[in-house]
Amino acid sequence: MTRGTQTQRPSATGSHQAISTKELMHLHFVANGTKPASLILRHGSVLSSFTGEFLLRDVVISGRHIAAITPWNYFPSSAGVEEIDARGKHVVPGFIDAHLHIEGTTTVLADANCIANVLGERGLDFMRETTTPLRIFRQVSHKVPGSGPHLELGGAKLETAEIARRVALPEAVTLGESNPFSLDLASAEKQSAALQAGKRITGHTALLKNEPLWAYAAGGIGDDHNAHKTEDVVERLRLGLMLTLMSGSMNSNIESVFSDIEALKDGLTHISFCADDKLVEDIDKTGHIDRHVREAIALGVPAVKAYRMANLNPALYYRIDHLVGSISTLEEVRSEIVIVNGIVVARNNTALFANTDKIPDFVLNTIQLHPNFFSAAKYAVNVGGKTYAWVQAMEMYDGYFKRAFHARLSPDASGNLLCNLDFDILKVVVIDRHHGSENRGIGFVRGFGLRKGAIGCTTNCENQNLVVIGTNDEEIAYAAKAIDSLGGGYVTVADGKVMASVKLDVAGCMSSAKWEDVRDQSLLCDEAAKSVGCGIQAPFLIASFVGLNGVPDLGLTEKGLIDCQAQELIDVVLSEEEVGDVGSLAEYPVSAPKVDESRKTGNPDGVESVFNEKDTTHLCTQAEYSLPAALAPLPNV
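With my numbering applied, the sequence shown closes on residue 651, and no number is skipped along the way.
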């Protein structure tokens with residue numbers, strides 16, 4: 015991609031290399047004024063993250079490194095030295111995203127779990143070798159595939175020895191997030207390897223409390239991006255965890271956490287920011303880590319402390335402060351100039367570099383679907399001669415908060431269970447797209463609101479299998495065929511036609527197209543989903559968490575429905591004993607249900623106001639759609 019004037023692009027590994035002897039000697043001479051700088055930022059108000067001061071200073075740069083921060087005009091101008099006038103602007107360190115899965119700031123800590131699950135070691139090498147000026151420090155994927163062979167086939171495999179080797183590489187800063195319920199020997203071996211290499215271990219604590227949380231943290235987990243309430247954040251800070259507050263396309267934890275800043279007190283020094291998963295159109299519209307900073311300041315966090323959360327705090331915690339500028343106005347937090355490795359790489363929202371990396375053939379054409387998946391018969395759930403059946407279903411509004419409930423469905427004349435569109439009970443399937451096998455898992459889901467058609471995507475955490483959510487088996491089969499023709503990505507289909515699509519040709523989870531084209535396609539696909547009834551934001555991103563079988567209640571892989579806590583496959587059709595005494599069941603509504611707006615926007619509090627945290631299985635009754643809603647709990651499945 016070429017935009018604006020092209021400039022030199024930092025190498026893929028340059029950001030991670032320690033300073034050489036030659037660079038160090040030159041740095042000495044630039045700092046003492048005996049040799050000229052390569053770049054000077056003049057007359058700026060420079061943030062000292064360590065003292066919290068804004069100082070009237072010049073920033074003197076030598077090659078990849080800052081040589082000195084001097085009073086204004088301390089070093090005179092020299093021929094051949096580039097100067098940037100930062101008068102009236104604030105100069106701050108580049109922002110750091112402390113946890114990001116790249117499917118699409120100057121520095122990020124990225125867990126390439128998606129492509130690792132598709133292409134294994136070759137996928138990780140591809141991510142390592144392709145580059146932009148964005149500094150990417152690696153969070154080495156903890157487990158590929160994400161769970162054992164009894165729960166999923168997966169697309170690739172990384173051995174423990176290979177993970178240990180990669181976590182010791184210079185650009186690796188942490189071992190990636192792991193399943194909080196997998197306290198096994200294999201996990202301990204990887205965690206031990208990371209700690210011995212002097213690296214951090216990234217966590218994923220979900221809603222863990224007390225003993226499960228303590229046991230997880232005892233394994234060396236150092237940070238967490240799941241806490242979304244002030245009290246949960248304080249609990250984790252007391253355990254010594256770095257909190258990386260998530261604000262992505264599905265939800266934002268920032269407002270709920272900073273609702274009581276006083277309760278956090280000195281803990282603000284151990285909080286940083288991350289996006290985790292964010293759509294390109296949302297980055298384009300609202301920004302990346304700069305949005306986090308703006309939100310924090312608006313909620314009352316002092317501006318300097320908000321900036322520290324975006325740079326100093328994560329840099330110190332992840333031990334990259336010696337390697338890791340932007341120029342902006344303070345509270346607005348909108349960068350005008352971005353500098354990486356001493357090179358101006360962006361001005362006024364325009365990139366000054368060209369992305370010319372060659373896309374190797376092995377990352378293309380990775381979708382391998384068995385042709386039987388193009389037939390509706392492959393998705394039937396037959397209950398014989400029963401007049402109805404209870405199923406174990408999941409409710410999804412904000413991704414991995416897949417809460418379990420029981421739903422009663424009726425069959426057609428052939429005994430195949432039908433979706434109940436009036437009650438928003440749709441069918442969800444996960445299809446093996448790596449091996450061309452006939453493995454598929456079938457479940458039922460509520461929350462997407464489709465009135466017809468289906469949506470499908472190949473960005474399915476963790477193993478990137480195809481997930482399709484649809485109103486009937488014919489539309490699901492058509493969506494699978496559309497994805498196969500597309501070569502991976504997103505589709506919205508209805509009435510046997512493709513309404514919109516996003517082509518993700520790189521391993522089925524990234525695109526080789528210009529980001530503007532991907533943004534436009536994604537917006538159209540989202541609008542198409544809305545036109546057939548979908549009322550939640552980021553439906554494709556939310557759908558991509560169906561396969562995550564570590565939290566909290568249910569997961570769905572190509573092997574079937576999974577009880578997350580037991581880590582076992584369970585039946586989607588329930589026996590009468592499993593359903594228990596249902597009491598008096600309300601009649602299903604005859605029209606589309608009214609859904610809580612807070613749940614549609616992905617607010618975790620909206621979800622928790624509906625669910626009793628002590629019970630993970632619930633009746634599916636009309637009462638659930640009254641506001642406020644109260645559910646009748648059933649025994650856990």
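Quick reminder that beta carbons are idealized off the backbone N, C-alpha and C, glycines included.
Less than 8 Å between the beta carbons of residue i and residue j, yes or no?
i: V395; j: V587; result: yes
i: P163; j: L326; result: no
i: S206; j: H156; result: no
i: A418; j: L562; result: no
i: F559; j: C539; result: no
i: F89; j: V74; result: yes
i: G574; j: G455; result: yes
i: V565; j: P194; result: yes
i: G356; j: R78; result: yes
i: G549; j: G463; result: yes
i: R252; j: T219; result: no
i: G234; j: L197; result: no
i: T506; j: A514; result: yes
i: S270; j: K243; result: yes
i: R460; j: A508; result: no
i: M496; j: T485; result: Reading off the sequence, residue 496 comes out as Ala, not Met. Contact flag unset, no.
i: I373; j: S526; result: yes
In three-state terms, what does DSSP make of residue i?
i: R149; result: strand
i: M264; result: coil
i: H306; result: helix
i: N617; result: Any reading at N617 must be qualified, since the residue scores a pLDDT of 32, below 50, and its modelled position is unreliable; the value itself is stated next. Three-state result, N617: coil.
i: T65; result: coil
i: S605; result: Confidence at S605 is low in this model, with a pLDDT of 30, below 50, so the placement of that residue should be treated as unreliable; the coordinate-derived value is given next. In the structure shown, S605 sits in coil (DSSP, three-state: anything other than H, G, I, E or B).
i: S525; result: coil
i: F625; result: In this predicted model, F625 has a pLDDT of only 29, less than 50, meaning its place in the structure is not dependable enough to derive any value.
i: F272; result: helix
i: K400; result: coil
i: L253; result: coil
i: L259; result: strand
i: L480; result: strand
i: D296; result: helix
i: K511; result: strand
i: S499; result: helix
i: A289; result: coil
i: T216; result: strand
i: A241; result: coil
i: Y639; result: For Y639, the pLDDT reaches just 26, beneath the cut-off of 50, and the residue's location in the model is therefore unreliable, although a value from the coordinates is still provided. Y639 falls in the helix class under three-state DSSP.
i: A407; result: strand
i: T283; result: helix
i: L633; result: For L633, the predicted structure reports a pLDDT of 37, less than 50, and the residue's modelled location is therefore unreliable. A value from the coordinates is still provided. L633: strand per DSSP, three-state reduction.
i: A494; result: helix
i: A124; result: strand
Would you please state the rounded distance, in angstroms, between the beta carbons of residue i and residue j? I believe it to be under 8 Å.
i: M256; j: N267; result: With 8 Å as the limit, M256 and N267 do not qualify as a contact, their Cβ atoms being about 14 Å apart.
i: P159; j: E476; result: 7 Å
i: R152; j: A186; result: 4 Å
i: E96; j: L41; result: That belief does not hold up - the Cβ atoms of E96 and L41 are roughly 17 Å apart, past 8 Å.
i: D371; j: T144; result: 4 Å
i: I381; j: T472; result: 7 Å
i: V520; j: L378; result: 7 Å
i: L183; j: K204; result: Wrong, their Cβ atoms sit about 14 Å apart, outside the cutoff.
i: D446; j: L167; result: 6 Å
i: V132; j: Q478; result: 5 Å
i: I275; j: V315; result: 6 Å
i: V354; j: R149; result: 7 Å
i: A320; j: A310; result: 4 Å
i: G217; j: Y230; result: 7 Å
i: L221; j: S263; result: Between S263 and L221 the Cβ distance is about 21 Å, and since that is not below 8 Å, they are no contact.
i: T571; j: L278; result: Incorrect: roughly 38 Å between the Cβ atoms, too far for contact.
Find the nearest neighbour of residue i within the set the options, judged by alpha-carbon distance.
i: N386; options: N224, P90 and E452; result: E452
i: D111; options: K103, G77 and R305; result: R305
i: H113; options: A81, G212, D298 and H239; result: H239
i: E245; options: Y230, F272 and W228; result: F272
i: R322; options: G47, G66, M39 and S34; result: G66
i: A391; options: Y492, G399 and A329; result: Y492
i: R56; options: I83, A329, S34 and E37; result: I83
Does any C-beta atom of chain C lie closer than 8 Å to the C-beta of residue i?
i: V358; result: Included in the structure is just one protein chain, with no chain C present.
Original post:
Counting only runs that start and end within the stretch 27-62, where is the beta strand (DSSP E) found for 3 or more residues in a row?
Top reply: 53-62
Subject >> Residue ranges of each beta strand (DSSP E) within the stretch 157-207, 3 or longer >> reply: 186-189
Subject >> Minimum length 3: unbroken beta strand (DSSP E) runs contained in the stretch 313-394 >> reply: 340-342, 351-354 and 357-361
Original post:
Considering only residues of the stretch 412-477, which uninterrupted beta strand (DSSP E) runs meet the minimum length of 3 residues and lie entirely inside it, listed in chain order?
Top reply: 417-423, 440-445, 454-460 and 468-471
Subject >> Residue ranges of each beta strand (DSSP E) within the stretch 517-598, 3 or longer >> reply: 568-571, 574-577 and 582-584
**OP:** Identify every run of the beta strand (DSSP E) within the stretch 71-122, keeping only runs that are complete inside it and at least 3 residues long; order them along the chain.
**Re:** 79-85, 96-99, 104-106 and 110-114
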